[in-house]
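S.K.: Mapped onto the numbering used here, the consecutive letters of the sequence shown carry residue numbers 79 to 591. Just dropping this structure here.
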Amino acid sequence: MTNTSTPAITPALPSESFAPAPLAGQESLAGDVKKAIIWRSGSQIAAQIVSWSSTLIVMRLLSPADYGLFAMSLVMLSFLTFLNGYGFASALIQERNLDKHRIRQAFGLLLSANALIATVQWFSAPAVASYYGQPVVADMLRVQTLIYISTPFIAIPEVLMGRRLDFRSQAVVNLASAMTGAVISLVMAWADFGVWTLVYAPIVMFWVRAIGLTILARSLVWPSFDFRGCGNIFRFGLAILLTQLFWLVQTQSDIFVIGRKLTPHEVGVYSQAVFLATIFYSRFVPPLNEVAFPAYSRLQDDLPALRWSFLRSARLIMLIAAPLYVGMAVSAKPLVATLFGPTWSELPPLIEFMALAMPFMTLQILFSPALNAIGKPGVPVRTAIAGAAIFAASFVGAAQFGIMAVAAIWCVAAPLLLLATILLSRPALGIGLADVWKALALPAGSSVAMGAVVWMVDRWLIATRLDALPLLHLGLLVAVGIVAYGAVIHVTDRAALGQIWALIRRKPEAAIA
């Protein structure tokens with residue numbers, strides 16, 4: 079499973095027609111925010127294009143076993159990364175009067191935290207390698223400690239630039255980092271460095287960011303290890319750590335469990351299936367949540383209006399997510415053949431299961447901004463605990479029966495987590511199972527109908543004729559799916575088509591307006 083970072087998005091008013099005329103200062107702020115969004119989202123798109131393009135090429139050059147070994151090292155890296163102190167740095171954004179001493183204290187905190195976790199990883203590396211039965215993992219983990227050392231030189235300048243809404247400088251550095259990482263990945267993969275391609279390319283990317291951001295932000299200061307008066311920073315950082323801890327248990331327990339029971343090849347196949355299956359909900363939905371949180375916050379004193387906005391938002395997002403995932407499930411074979419090539423021919427059966435679980439995961443993460451907006455952050459923490467327990471237990475049980483069982487258990491764990499989330503959230507939001515089903519009947523029914531049409535057309539007319547032409551095969555299935563889904567929506571709810579188009583055109587406020 080994967081984690082995500084989310085771009086900053088400007089708040090959207092539930093009803094612009096009732097908004098008061100902005101003051102001059104507000105107009106200036108709105109202009110700055112708009113420019114920040116353009117730079118942030120634009121650079122993110124460009125960086126993702128560069129990153130995904132190189133990833134697709136590198137996947138054709140490396141073996142599944144390489145990705146399996148990397149996934150094993152990534153479990154420890156992910157667990158220790160959540161302790162790297164980013165929450166402490168983020169607390170500086172809330173400081174009303176940020177002075178140089180506070181920056182030096184935060185820098186000292188970050189250096190201390192990252193030196194500690196780097197040391198822990200260095201000395202724990204042999205034990206982790208022994209757990210997996212893969213000695214090379216120890217060497218990988220020790221080299222990867224270089225990532226932690228770069229963190230203070232990334233976090234501090236990012237916070238300072240964020241306070242100034244200077245996302246242009248960040249955009250330049252992030253794009254340069256992505257391009258450097260892509261070049262390093264391609265060169266090392268062509269030179270047959272194997273798994274070390276996946277180790278060194280991220281390290282180079284982190285250090286390019288660290289050096290570039292530090293220079294542009296002029297943020298290099300002498301650290302202070304006198305932490306008196308840092309209570310607010312500690313409390314804010316620890317609150318973030320608590321939520322991230324349970325999220326990490328949920329997202330990393332699969333590799334932790336199967337890494338010991340399955341071969342590196344199988345782990346690599348599984349990890350890349352997760353990567354492909356989770357792209358939409360990990361990349362597209364979090365920005366919508368960033369918009370939803372401030373918008374819901376404006377409705378925190380009007381719970382019926384907030385409930386209406388939440389259900390409308392969920393319905394619209396699922397009108398896109400549900401058919402996308404059903405389509406991924408029924409076209410997995412030509413999709414994998416087109417993107418990854420014959421080396422990854424074992425992926426499609428895994429993706430068929432995982433893709434069908436993703437609509438439940440997508441809907442589940444939509445609850446968090448609504449709960450935070452009404453001052454109930456404890457509910458997302460409890461849902462994170464539930465997710466950690468459900469997924470960890472599911473993977474432990476399924477791993478006894480092989481990689482297919484681990485993929486299939488997603489279709490059990492994801493609905494269970496969504497059910498737990500709805501039940502835990504109902505006292506706060508007043509939204510029950512019946513409300514959710516009423517809002518989502520259209521996307522669910524339309525997606526199932528579309529999937530059935532695509533499956534039948536593929537089975538009876540296309541697959542046997544186009545197995546050797548995966549790109550054409552995939553293109554025809556996509557075309558059939560779009561026509562079938564559009565026809566169903568047109569017949570059942572014509573207005574939904576316009577809303578879907580607005581969201582696809584990167585107007586996230588359409589989802590919660």
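Beta carbons are placed, not taken as given, at the ideal position from N, Cα and C, and that holds for glycine.
Give the C-beta separation of residue 492 and residue 435 to the nearest angstrom, bearing in mind that I take them to be a contact with Cβ-Cβ under 8 Å.
M.R.: 4 Å
S.K.: Give the range of the alpha helix (DSSP H) segment to which residue 272 is assigned.
M.R.: That residue, residue 272, is in no alpha helix (DSSP H); it is neither H nor E in DSSP.
S.K.: Please report the residue range of the alpha helix (DSSP H) in which residue 462 lies.
M.R.: 456-476 is the extent of the alpha helix (DSSP H) around residue 462.
S.K.: Indicate whether residue 352 and residue 432 have their beta-carbon atoms separated by less than 8 Å.
M.R.: yes
S.K.: At what residues does the alpha helix (DSSP H) containing residue 488 begin and finish?
M.R.: Membership of residue 488 in the alpha helix (DSSP H) is indicated by the continuous run 488-507.
S.K.: Quick check on residue 393: buried or exposed, where buried means 16 or more other Cβ atoms within 10 Å of its Cβ?
M.R.: buried
S.K.: Can you give the Cα-Cα distance for residue 199 and residue 153, rounded to whole angstroms?
M.R.: 11 Å
S.K.: If you draw a straight line from the C-alpha of residue 158 to the C-alpha of residue 275, how long is it?
M.R.: Approximately 22 Å, taken between the alpha carbons.
S.K.: Considering only the beta carbon of each residue, do residue 282 and residue 262 sit closer than 8 Å?
M.R.: yes
S.K.: List the endpoints of the continuous alpha helix (DSSP H) containing residue 452.
M.R.: Per DSSP, residue 452 belongs to no alpha helix (DSSP H) and is neither H nor E.
S.K.: Can you tell which of 142, 129, 196 has the C-alpha that lies nearest to the C-alpha of residue 160?
M.R.: 196
S.K.: According to DSSP, is residue 530 part of a helix, a strand, or is it coil?
M.R.: helix
S.K.: Pick helix, strand or coil for residue 112, following the three-state DSSP scheme.
M.R.: At residue 112 the pLDDT is 46, less than 50, meaning the model places this residue with poor confidence and gives no usable figure here.
S.K.: Given residue 562, which residues of its chain have a CB within under 8 Å of its CB, disregarding the five upstream and five downstream residues?
M.R.: 527, 528, 531, 532
S.K.: Can you give me the C-alpha to C-alpha distance between residue 326 and residue 150, rounded to a whole angstrom?
M.R.: 14 Å
S.K.: Would DSSP call residue 405 helix, strand or coil?
M.R.: helix
S.K.: Tell me the DSSP secondary structure of residue 356 in three-state form.
M.R.: If DSSP states are grouped into helix, strand and coil, residue 356 belongs with coil.
S.K.: For the stretch 435-447 against the stretch 413-423, are there 3 or more C-beta pairs whose distance is under 8 Å?
M.R.: no
S.K.: If you pair each beta-carbon of the stretch 126-146 with each one of the stretch 338-347, do three or more pairs fall below 8 Å?
M.R.: yes
S.K.: Flag this pair as yes or no: are the beta carbons of residue 401 and residue 482 separated by less than 8 Å?
M.R.: The answer is no: Cβ separation not under 8 Å.
S.K.: Just checking, does the stretch 498-513 make contact with the stretch 453-464 on the three C-beta pairs under 8 Å criterion?
M.R.: yes
S.K.: Below 8 Å on the Cβ atoms is my contact criterion, and I expect residue 567 with residue 524 to pass it. Report the Cβ-Cβ distance as a whole number of Å.
M.R.: 6 Å
S.K.: Rounded to the nearest angstrom, what separates residue 564 and residue 301 at their Cα positions?
M.R.: 58 Å
S.K.: Could you spell out where the alpha helix (DSSP H) holding residue 159 opens and where it closes?
M.R.: DSSP places residue 159 in the uninterrupted alpha helix (DSSP H) bounded by 142-159.
S.K.: By the 10 Å Cβ neighbour count, where 16 or more other Cβ atoms means buried, how is residue 335 classified, buried or exposed?
M.R.: The residue is buried, with at least 16 neighbouring Cβ atoms inside 10 Å.
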